[in-house]
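Q: Quick one: the structure is below, and I'll ask about it shortly.
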Amino acid sequence: LAVETGVWVLYEVENGVLRLTGPSRALLDKSRRKPVIEYLKLQGRFRHLSPEDVERIQRMVDENWERLAEMLKESGKHGSKQG
């Protein structure tokens with residue numbers, strides 16, 4: 008779930024080129040990501056988090072993906088394999 012929610016991003020950098028791998032390739036589309044709460048609620052270590060904390064974490068994940076999309080756009084690769 009950490010990957011499916013976008014908390015963990017699967018990627019490679021080869022010869023300076025960033026490329027998303029595995030399930031992370033589809034997660035540039037925010038609608039394909041599961042809500043962070045689905046990951047957090049299964050982990051007892053996060054039970055102390057308030058709803059506001061969870062919202063903040065969700066925003067952080069979304070912002071991270073926005074930055075990642077910009078990095079991919081700049082490289083012109085969008086996570087696709089080079090052929």
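When the letters of the sequence shown are read in order and numbered with the numbering used here, they come out as residues 8 to 90. C-beta: ideal position from N, C-alpha, C; glycine also. Every value quoted in this text rests on a predicted model; they were computed, and no experiment measured them.
Mind checking which residues open and close the beta strand (DSSP E) that includes L27?
A: Per DSSP, L27 belongs to the beta strand (DSSP E) from 24-27.
Q: Closest by CA to S82, which one among V24, Y18, A9?
A: V24
Q: For the region 32-45 against the region 58-69, do three or more pairs of beta-carbon atoms, one drawn from each stretch, fall closer than 8 Å, so that the two count as touching?
A: yes
Q: How long is the line joining the alpha carbons of V20 and R74, rounded to whole angstroms?
A: Each residue's alpha carbon lies about 16 Å from the other.
Q: E4 by DSSP, collapsed to three states: which one?
A: Lying before the first or after the last residue shown, residue 4 is absent from the chain, which here runs from 8 to 90.
Q: Taking the beta strand (DSSP E) that V20 falls in, what are its first and last residues?
A: 18-21
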